[in-house]
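The C-terminal residue of the sequence shown carries number 726 in the numbering used here, and the numbering is unbroken.
Each remark here refers to the structure printed beneath this line.
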Amino acid sequence: MSFPDMPAATTSPTLSAISLSIRTALFGLPLGLAMYAPHAAAEQPAGHASSATTLDRIEVLGERGAYQVPRTGTAMKTDTALLDTPQSVTVVTDKLIRDQAMQSMADVVRYVPGVQMAQGEGHRDAPILRGNTSTADFFVNGVRDDVQYYRDLYNIERVEVLKGPSGMIFGRGGSGGLINRVTKQANWTDQAEIAATIGSWDQRRVVGDFNRALSDTAAFRVTGMYEDSESYRDEVELKRWAINPTLSFRANDATTFAFGYEHFEDDRVTDRGVPSLLPVRGAPLRTDASTFFGNADLSPTWARVDALTATIAHDFGNGARIVNQTRYADYDKFYQNVFPGAYTAGNGRVAISAYNNLTTRKNLLNQTDLTFKLETGAVKHELLIGAEFARQTTDNFRETGYFPAVGANATAAFVTLPNTIYTGPVAFRQSASDADNHSVAKSAAIYIQDQIEFSPQWQAVLGVRFDRFDADLRNNRNGTSLSSSDDLVSPRAGLIYKPRENISIYASHSLAYVPRAGEQLASLTPSNRNLDPEKFTNDEIGVKWDLASGIAASLAVYQLDRTNVAIVDPNNPAQSLLVDGQRVRGVELEASGRITEAWQIMGGYAYQDSEVQTPGAQDGNRLGQVPKSSFSLWNRYDFNPNWGVGLGVIHQSEVYVATDNAVKLPSFTRVDAAAFYNVNDKLRMQLNVENLFDEDYYASAHSNNNLLPGSPRAVRLGLSYRF
Numbered sequence: 004m005s006f007p008d009m010p011a012a013t014t015s016p017t018l019s020a021i022s023l024s025i026r027t028a029l030f031g032l033p034l035g036l037a038m039y040a041p042h043a044a045a046e047q048p049a050g051h052a053s054s055a056t057t058l059d060r061i062e063v064l065g066e067r068g069a070y071q072v073p074r075t076g077t078a079m080k081t082d083t084a085l086l087d088t089p090q091s092v093t094v095v096t097d098k099l100i101r102d103q104a105m106q107s108m109a110d111v112v113r114y115v116p117g118v119q120m121a122q123g124e125g126h127r128d129a130p131i132l133r134g135n136t137s138t139a140d141f142f143v144n145g146v147r148d149d150v151q152y153y154r155d156l157y158n159i160e161r162v163e164v165l166k167g168p169s170g171m172i173f174g175r176g177g178s179g180g181l182i183n184r185v186t187k188q189a190n191w192t193d194q195a196e197i198a199a200t201i202g203s204w205d206q207r208r209v210v211g212d213f214n215r216a217l218s219d220t221a222a223f224r225v226t227g228m229y230e231d232s233e234s235y236r237d238e239v240e241l242k243r244w245a246i247n248p249t250l251s252f253r254a255n256d257a258t259t260f261a262f263g264y265e266h267f268e269d270d271r272v273t274d275r276g277v278p279s280l281l282p283v284r285g286a287p288l289r290t291d292a293s294t295f296f297g298n299a300d301l302s303p304t305w306a307r308v309d310a311l312t313a314t315i316a317h318d319f320g321n322g323a324r325i326v327n328q329t330r331y332a333d334y335d336k337f338y339q340n341v342f343p344g345a346y347t348a349g350n351g352r353v354a355i356s357a358y359n360n361l362t363t364r365k366n367l368l369n370q371t372d373l374t375f376k377l378e379t380g381a382v383k384h385e386l387l388i389g390a391e392f393a394r395q396t397t398d399n400f401r402e403t404g405y406f407p408a409v410g411a412n413a414t415a416a417f418v419t420l421p422n423t424i425y426t427g428p429v430a431f432r433q434s435a436s437d438a439d440n441h442s443v444a445k446s447a448a449i450y451i452q453d454q455i456e457f458s459p460q461w462q463a464v465l466g467v468r469f470d471r472f473d474a475d476l477r478n479n480r481n482g483t484s485l486s487s488s489d490d491l492v493s494p495r496a497g498l499i500y501k502p503r504e505n506i507s508i509y510a511s512h513s514l515a516y517v518p519r520a521g522e523q524l525a526s527l528t529p530s531n532r533n534l535d536p537e538k539f540t541n542d543e544i545g546v547k548w549d550l551a552s553g554i555a556a557s558l559a560v561y562q563l564d565r566t567n568v569a570i571v572d573p574n575n576p577a578q579s580l581l582v583d584g585q586r587v588r589g590v591e592l593e594a595s596g597r598i599t600e601a602w603q604i605m606g607g608y609a610y611q612d613s614e615v616q617t618p619g620a621q622d623g624n625r626l627g628q629v630p631k632s633s634f635s636l637w638n639r640y641d642f643n644p645n646w647g648v649g650l651g652v653i654h655q656s657e658v659y660v661a662t663d664n665a666v667k668l669p670s671f672t673r674v675d676a677a678a679f680y681n682v683n684d685k686l687r688m689q690l691n692v693e694n695l696f697d698e699d700y701y702a703s704a705h706s707n708n709n710l711l712p713g714s715p716r717a718v719r720l721g722l723s724y725r726f
């Protein structure tokens with residue numbers, strides 16, 4: 004259960020405060036410039052180069068305990084009504100997170116139209132936003148959080164899903180959209196809660212949230228979590244814990260400081276799922292949902308995250324607001340997997356392969372935002388001027404698994420059905436092509452945005468961002484180095500027409516880029532280092548309608564093109580060519596809020612027509628894991644202040660697993676349910692049942708032979724106490 008943040012200070016900026024605001028902004032710039040300055044070659048890993056964008060601490064304004072909020076500060080980086088935002092944005096509120104007992108990012112996107120979650124090889128979050136799979140388009144309080152791991156929700160106030168490229172605000176990446184988590188912050192309301200959950204397959208989880216005002220000028224909050232659970236999948240288990248203390252200070256009525264630290268640990272088994280029946284049939288190998296392939300004992304994965312954040316915000320009484328945030332994060336991530344490959348129908352054998360990977364990353368990010376308002380005649384402007392500096396250092400080390408029982412250099416073994424567990428020895432060592440890399444990536448960016456109000460009926464948004472992105476990659480095995488530099492220009496334009504105060508019709512155009520270093524900054528090669536970055540272009544029209552009953556409805560129609568995709572030159576295999584890559588045309592319909600005082604809903608429908616446009620055998624195929632149709636609707640109905648129930652329905656049409664369209668996962672419909680009981684004003688009980696009718700289905704995939712069965716019926720019982 005969450006508690007309200009300290010109300011954001013209101014501003015009414017004028018030109019008289021701009022010069023003072025700019026001087027204050029310069030306070031944060033020296034650190035940013037130092038981060039971007041060249042360092043000695045002998046420097047050890049330090050820093051972060053992703054285009055990290057830090058949001059103002061703008062509170063989502065809306066009814067507490069509701070599924071719908073009217074405004075947020077993510078998409079525009081200003082306190083803007085969603086009705087006046089020319090982009091499709093979904094806010095998953097704290098109330099919805101609690102009612103559905105969400106604990107992962109996969110839970111969060113389940114009821115978000117146009118977003119799916121891939122398997123992520125069993126060790127990371129991997130959302131698919133408007134047909135584009137990402138491992139790095141995650142942000143926390145607007146700052147890039149791009150290491151590959153599973154994120155928890157123990158300290159989360161809300162989750163915001165932006166659809167379509169957002170390069171003007173967030174810089175590189177965000178090709179199909181992005182996911183931003185907003186964390187709980189210390190405030191001046193004394194509240195505390197402890198919540199415990201038990202569930203199917205020995206789930207055991209406890210979460211604590213304690214907030215205290217230390218004085219009129221200081222407040223302290225700490226959130227924490229511990230979980231020790233097993234899984235419906237044989238031999239799969241999970242242990243994780245985290246703690247996140249925060250401090251808030253009021254220097255005066257206009258100036259605030261906030262500091263936070265998070266330590267997070269996650270240990271689990273890497274689960275790659277089950278193989279398919281290829282080449283006999285393009286369907287999953289039929290097994291029980293619990294059946295594990297490979298060797299769970301030799302498939303550990305763990306993540307360690309330590310992050311420090313400092314934020315300074317100042318409101319100039321009659322004019323400008325400035326926010327500077329610095330974030331340092333240290334990540335360690337390891338995964339090892341012994342996993343299934345191809346199935347041989349003639350003898351019932353399944354190939355088994357193995358490898359491991361260790362990544363360490365240090366991110367240092369600094370960002371300053373200045374916002375102010377002015378008028379030019381009858382035209383009103385809200386301006387955003389910002390700068391970002393980031394440095395990211397990454398070390399990556401990979402080893403291949405060898406199977407001595409098969410041969411000294413054998414990289415595959417076999418199990419024969421019904422046996423699915425490989426019990427022989429596996430030796431891990433580097434192959435000739437395994438990575439041992441050190442990379443340093445740096446970025447510097449400036450951006451400006453103008454939200455223009457011509458009249459109560461007509462508005463426009465114009466913005467542009469300039470990024471300088473440099474990446475250097477050193478191969479530690481042979482001492483060679485590669486480098487690349489990109490100058491990225493990311494514009495955004497939107498036009499809004501409001502025939503009524505509660506209805507808006509919009510059209511927008513936006514871009515984003517992914518440099519050749521790749522999402523994880525380790526993809527530079529001699530043949531691609533000088534190529535233009537991948538480009539993502541989104542054109543969108545939509546309608547938003549805030550109904551008087553409390554429902555917010557939206558309709559978006561879009562075309563998202565991915566271009567500048569690198570392929571091998573057929574006339575010179577040592578070189579690469581740039582071609583068109585893919586196109587997704589889609590429709591998204593979404594609704595959230597109150598139908599009556601007792602009935603709330605959240606859900607929608609998405610239609611996605613995806614197409615591969617790369618020359619070759621796959622040209623014209625559908626994209627992997629992008630359903631043509633998907634529908635979801637969650638309902639909560641309260642009979643009285645003490646009793647309530649929830650019911651959700653999720654439907655997804657059949658999907659191809661990969662762009663070769665060789666394996667297809669069947670369509671499915673899943674029903675979820677919940678019951679809520681408030682024993683008193685402090686004690687609350689909750690029962691959640693996922694997959695109520697025990698539907699057999701496949702939840703996600705990574706490749707044609709890594710298919711993850713969905714969970715059978717699962718029950719969670721939660722108890723929370725506020726004091």
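Glycine included, every Cβ here is placed at the ideal spot set by N, Cα and C.
Every value quoted in this text rests on a predicted model; they were computed, and no experiment measured them.
Sub-9 Å separation of Leu738 and Gly202 beta-carbons: For residue 738 there is no data in the structure shown, the boundaries of the chain being 4 and 726.
N-terminal and C-terminal residue of the beta strand (DSSP E) that Gly170 is part of: That residue, Gly170, is in no beta strand (DSSP E); its alpha helix (DSSP H) goes Gly170 to Phe173.
Helix, strand or coil at Asp87 [DSSP, three-state]: helix
Buried versus exposed call for Phe726 [16 or more other C-beta atoms within 10 Å across all chains shown]: exposed
CB contact flag (Arg271, Tyr153, <9 Å): yes
Touching by the beta-carbon criterion (3+ pairs, under 8 Å), the segment 676-686 and the segment 282-302: no
Which residues DSSP lists as bridging Tyr1, in chain order: Residue 1 lies beyond the range of the chain shown here (4 to 726); nothing can be said about it.
Simplified DSSP assignment, three categories, for Met108: helix
Residues bridged to Arg215 (per DSSP): Phe223
Three-way DSSP call (helix, strand, coil) for Ala357 in this model: strand
Beta-carbon gap between Glu522 and Thr138 smaller than 9 Å: yes
Cross-strand partners of Tyr331 (DSSP beta bridge): Leu311 and Leu367
Sequence-distant residues of its chain with Cβ nearer than 6 Å to Val210 (five each side left out): Tyr157, Ala198 and Met228
Three-state secondary structure assigned by DSSP to Ile598: coil
Inter-stretch contact at 8 Å, needing at least 3 Cβ pairs: the segment 553-565 / the segment 429-445: no
Element boundaries [beta strand (DSSP E), containing Arg253]: Glu240 to Arg253
Test item: CB-CB of Arg565 and Gly584 under 9 Å: yes
Whole beta strand (DSSP E) elements within the segment 471-538, 3-residue minimum: 484-503 and 506-517
Host beta strand (DSSP E) of Leu386 (start-end): Val382 to Tyr405
Asp475 versus Pro715, His317, Pro529 and Asp128, residue with shortest Cα-Cα distance: Pro529
Stretch pair the segment 189-197 + the segment 158-178: three plus CB contacts closer than 8 Å: no
Residue burial classification, Trp637 (beta-carbon count within 10 angstroms, cutoff 16): buried
Asp489 to Ala569 span [Cα, whole Å]: 16 Å
Identity of the residues DSSP links to Phe342 by a beta bridge: Ser356
Among Lys685, Gln370 and Tyr659, nearest to Tyr450 - alpha-carbon criterion: Gln370
Cβ neighbour criterion (16 or more within 10 Å) applied to Glu504: exposed
Arg101 (DSSP reduced to helix, strand or coil): helix
Candidates Tyr640, Glu591 and Ser595, of which the one nearest Gly117 by Cα: Glu591
As assigned by DSSP and simplified to three states, the class of Asp663: coil
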